[in-house]
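Peer 1:
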Amino acid sequence: MSDDPTSDVRLYAPAQVGEVLGVSVDEVMALVHEGRLRGLRVGAPARWRIDAASVGDYLDDQAEEARRMALWRQSQTASFPELWGGSIVRHPD
Numbered sequence: 105m106s107d108d109p110t111s112d113v114r115l116y117a118p119a120q121v122g123e124v125l126g127v128s129v130d131e132v133m134a135l136v137h138e139g140r141l142r143g144l145r146v147g148a149p150a151r152w153r154i155d156a157a158s159v160g161d162y163l164d165d166q167a168e169e170a171r172r173m174a175l176w177r178q179s180q181t182a183s184f185p186e187l188w189g190g191s192i193v194r195h196p197d
């Protein structure tokens, strides 16, 4: 087993990441510049490569955000009678 910390790192070209995510290369690079994907420039001439683990992390984050938004939308469509019961609320005055 290698002690090199980079031995398990997989790097993809922005076009490959774009295919996986279904976005353009420009959008992939925007995600890198925003820090939502980890990328680095390697080689001579230097070319961008994206860390495969960061793509998985990004997809996990997107799935969690979608789950939370679905729950929020569901809570917004629930009516108060559904939440508090079907009885009529009467004020004592």
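Numbered by this note's numbering, the letters in the sequence shown go through residues 105 to 197 in order. Every residue, glycine too, gets a C-beta built ideally from N, C-alpha and C.
#1: Quick check: Arg153 and Ala119, are their CB atoms within less than 8 Å of each other?
#2: According to DSSP, what are the bridge partners of Arg153?
#3: For the alpha helix (DSSP H) containing Ala134, name the first residue and the last one.
#4: Can you check whether the CB of Gly143 is closer than 8 Å to the CB of Asp155?
#5: Decide if Gly99 is buried, meaning its Cβ has at least 16 other Cβ atoms within 10 Å, or exposed.
#6: Look at Ser128 and Leu141 and say whether their C-beta atoms are less than 8 Å apart.
Peer 2: Inspection of the coordinates gives the following:
#1: It is not a contact, given that the beta carbons lie outside the stated cut-off.
#2: Paired residues: Leu144.
#3: It spans 129-138 - the alpha helix (DSSP H) in which Ala134 sits, taken as one unbroken run.
#4: In this structure, Asp155 lies near Gly143, with their beta-carbon atoms less than 8 Å apart.
#5: No statement about residue 99 is possible, as the shown extent of the chain runs from 105 to 197 and does not include it.
#6: Against a cut-off of 8 Å, the Cβ pair of Leu141 and Ser128 comes out as no contact.
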